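These notes are about the structure you will find just below.
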Amino acid sequence: MTTAPIRPTTAQDDAPQLSSTPTDHRGLLDWVRRTALLTQPDEVVWCDGSQAEFDRLTAQMVAAGTLLPLNPDKRPGSFLARTDPGDVARVESRTFIASRRREDAGPTNNWREPEALREELAGVFSGCMRGRTMYVVPFSMGPVGGPISRLGVQITDSPYVVVGMRTMTRMGEQALAALAPGTTFVPALHSVGYPLVDAVGRRREDVPWPCNDLKYVAHFPESREIFSFGSGYGGNALLGKKCFALRIASVLAREEGWLAEHMLVLKVTSPEGRAFHLAAAFPSACGKTNLAMLRPTLPGWRVETIGDDIAWMRPGPDGRLRAVNPEAGFFGVAPGTGWSTNPTAMRMLERDVVFTNTALTDDGDVWWEGMTEQPPAHLTDWRGRSWTPDSPTPAAHPNARFTVSAARCPSIAAELEDPEGVPIDAVLFGGRRRSNVPLVAEAGDWSHGVFMGASISSEQTAAAEGTVGRLRHDPFAMLPFTGYDMADYFAHWLSMRERVEHLPRVYSVNWFRRGADGRFLWPGFGENSRVLEWICRRLEGSAGARHTPVGWVPAPGELDVAGLEVSPADLEELFAVDPAAWLAEADALQEWFARFGSRLPADIEGHLELLRWRLSPLVARPAAPAPA
Ligand code: O2Y
Ligand code: MN
């Protein structure tokens, strides 16, 4: 298929030449034509996802100063992008759910009335692509044509986004071919919001990172539409990711009886050759990428990566929950990734990567905090300024990113391409907790597991998120990503009991527990394979557990700690349940759940009560006063 420019679309009633388009899909053609009339680009280009197209776009971005080619001897095929300093992260305050009824968006989303928001968007999108090229980007989330996969089309005026979508999704010719006339797709309209020509025809120069102070990331769950304006960055702009694969897909999943989740997916193989598939949800800054690419320290165990961020899970014909990673690449946080913390990721990043907001070394390579123990003596920081270790600010932006194809990951599993997905044996819920939450605990049953997911909270690590160390409730790590009422989402999870014959077991994990002296009690990273081993042994029925008020934890001697420097006292502390602290936790949870009012499922309230019931007798009572 060729890239077919359609021009011109600048005049009000100039429709694109439909005859030169590479599809017969009337709905798609109509949407593209209407969008071109609204946004008024200079030309329309249908993307085919080819290498030639990638080469053309990257060369164009290098010429425009958007991309800097890295030293080919150090980082072949790789580029560095520096964003506008005001466009460095997802913008939750400008992320909207426009459902007809406010209560359907729930108390944790920014709701907007759909018609009013549509009017507002028509205003900002009107003429927003003047002087630019409008790219039509057909893509598939999940292997093209798979039973769990879905199609989308993004329209964007950002070549950086086209290149990102090529890495993160199955983008181009094949996806377009799958869009047979009448096939449904999710339309996703994106603009950086920086037209080069104004309404009276005056032209301005482009900038390396065009964006707009006014931002919208808007979702219309009922009509399955996405609109994003003003940002070229990550989840705001690569609309297949958080917008489609989580916010819109969560709504589809609820209606159709499946799950769209903020979860990594792993294949774990035991020394005996038995394979287990695990899905795991973690709020940000809990080492999700490290777990997705874990190198087991336990001899004979193998861990392969299927996904690092999102899982779509659907009841399969075999009565099991089958998962695909809908993405085709990784958009990961660079700072903190190093040879000691994630050697697999470091190998993955050796070539063919687009880095965003990392620092640049003097010999044309990238660097970020945590890559090496000692920083280089001199760098150019993410804003393009000279930097030395004495500089007061970090060299890389704390949210600096890499975008890389999953095929580059040394631990990638062949199952990434299996359209039927993998059968999920266990679901893990994690958080960053210095106290209370044990290293690992197994839920008593499915509804207890759903309660565990609903109860996730994590300590904040970045000042930008609020007060460092403060607990943030993030049920299922889905708080910013559920496209409907979170209490209804809990109910949907509970309803999977009726839909899946062989449900996965559920576990909570916490690698971050600390002792009274502030030390981490568990070494983490590759040693987390010991926890995975216990989980897999539980699944095959060969590992023992003891009951606690918060779930089943490894029975003494059942967690393999051979060769580890974890003292018996630390091991006990890793699984200690302090009844008074947990009762306080139950109170905090109850207060947090109260926002959902009567929509909170009775099973969730019931598990909260059961928790209190189990804890109360364990609280040390003050000694009775001595008789006079
Ligand atoms: O999407 C972004 O712009 C940054 S946040 C992000 C990126 C990749 C994977 N997950 C996340 C997240 O916030 O969960
Ligand atoms: Mn994520």
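Start counting the sequence shown at 0; every next residue gets the next number (numbering that gives the first Met the number 0).
Glycine residues also receive a C-beta, built at the ideal position from the N, C-alpha and C atoms.
Here the structure is a predicted model, which means the values were calculated and not measured.
- Residue pairing for Ile96: DSSP places it in a beta bridge opposite Trp110, His218.
- Leu415 is not a Cβ neighbour of Ala425, given a cutoff of 7 Å.
- If you compare the alpha carbons of Phe519, Arg504, Glu572 with that of Gly540, the shortest gap goes to Arg504.
- Note on Glu172: 16 or more other CB atoms within 10 angstroms of its CB, so buried under the neighbour-count rule.
- A direct Cα-Cα distance of roughly 13 Å separates Asp577 from Arg512.
- With fewer than 16 other CB atoms across the displayed protein chains lying within 10 angstroms of its CB, Ala121 is exposed.
- Here DSSP, grouped into helix, strand and coil, assigns Val61 to helix.
- Counted as a single uninterrupted DSSP element, the stretch harbouring Tyr506 is not any alpha helix (DSSP H) but the beta strand (DSSP E) occupying residues 504-508.
- A straight line joining the alpha-carbon of Gly239 with that of Ala187 spans about 8 Å.
- A Cβ-Cβ contact shorter than 7 Å links Arg203 with Leu195.
- Residue ranges of uninterrupted alpha helix (DSSP H) with 4 or more members, entirely inside the stretch 263-328 and ordered along the chain, are 287-291.
- Under DSSP, the beta-bridge partners assigned to Tyr134 are Val44, Thr155.
- Here Leu573 really is in contact with Leu520; their C-beta atoms are around 5 Å apart, less than 8 Å.
- For Ser227, the closest of Gly299, Val206, Val191 by C-alpha to C-alpha distance is Val191.
- Shortest gap from the CB of Asp473 to any heavy atom of the ligand MN: 6 Å or more.
- Going by beta carbons, Leu609 and Ala585 fall outside the 7 Å limit.
- Here the alpha carbons of Thr296 and Thr340 stand approximately 13 Å from one another.
- Note on Leu175: 16 or more other CB atoms within 10 angstroms of its CB, so buried under the neighbour-count rule.
- Counting only unbroken stretches of 3 or more residues, the beta strand (DSSP E) elements lying wholly within the stretch 474-541 are 504-508, in sequence order.
- DSSP places Phe592 outside any beta strand (DSSP E); the residue lies instead in the alpha helix (DSSP H), whose first and last residues are 578-592.
- With respect to the 7 Å criterion, Thr357 and Val365 are classified as neighbours on the basis of their beta carbons.
- Using a cutoff of 6 Å, the CB of Asp308 counts as near the ligand MN, since one of the ligand's heavy atoms is closer than that.
- For Phe450, the enclosing alpha helix (DSSP H) begins and ends at 445-453.
- Ala322 and Trp257 have their C-alpha atoms spaced approximately 10 Å apart.
- Take the alpha-carbon of Met347 and the one of Arg301: they are about 18 Å apart.
- Phe401 has its CB no nearer than 6 Å to any heavy atom of the ligand O2Y.
- For the ligand O2Y, a non-hydrogen atom lies closer than 6 Å to the CB of Gly233.
- A heavy atom of the ligand O2Y is found nearer than 6 Å to the CB of Arg89.
- By the Cβ neighbour-count rule, Gly306 is buried, with 16 or more other Cβ atoms within 10 Å of its own.
- The three-state reading of DSSP puts Leu188 in strand, counting E and B together.
- Fully contained in the stretch 321-370 are the following beta strand (DSSP E) runs of length 3 or more, in chain order: 328-332, 352-355, 358-360.
- Val123 sits in a helix when the DSSP states are folded into three classes.
- With respect to the 7 Å criterion, Ala310 and Val264 are classified as neighbours on the basis of their beta carbons.
- Separation of the CB atoms of Met128 and Asp156 is rounded to 5 Å, and the pair is thereby assigned contact status at 8 Å.
- When only Cα atoms are considered, Ala177 and Val135 end up about 15 Å apart.
- If you draw a straight line from the Cα of Ile423 to the Cα of Gly76, it comes to about 36 Å.
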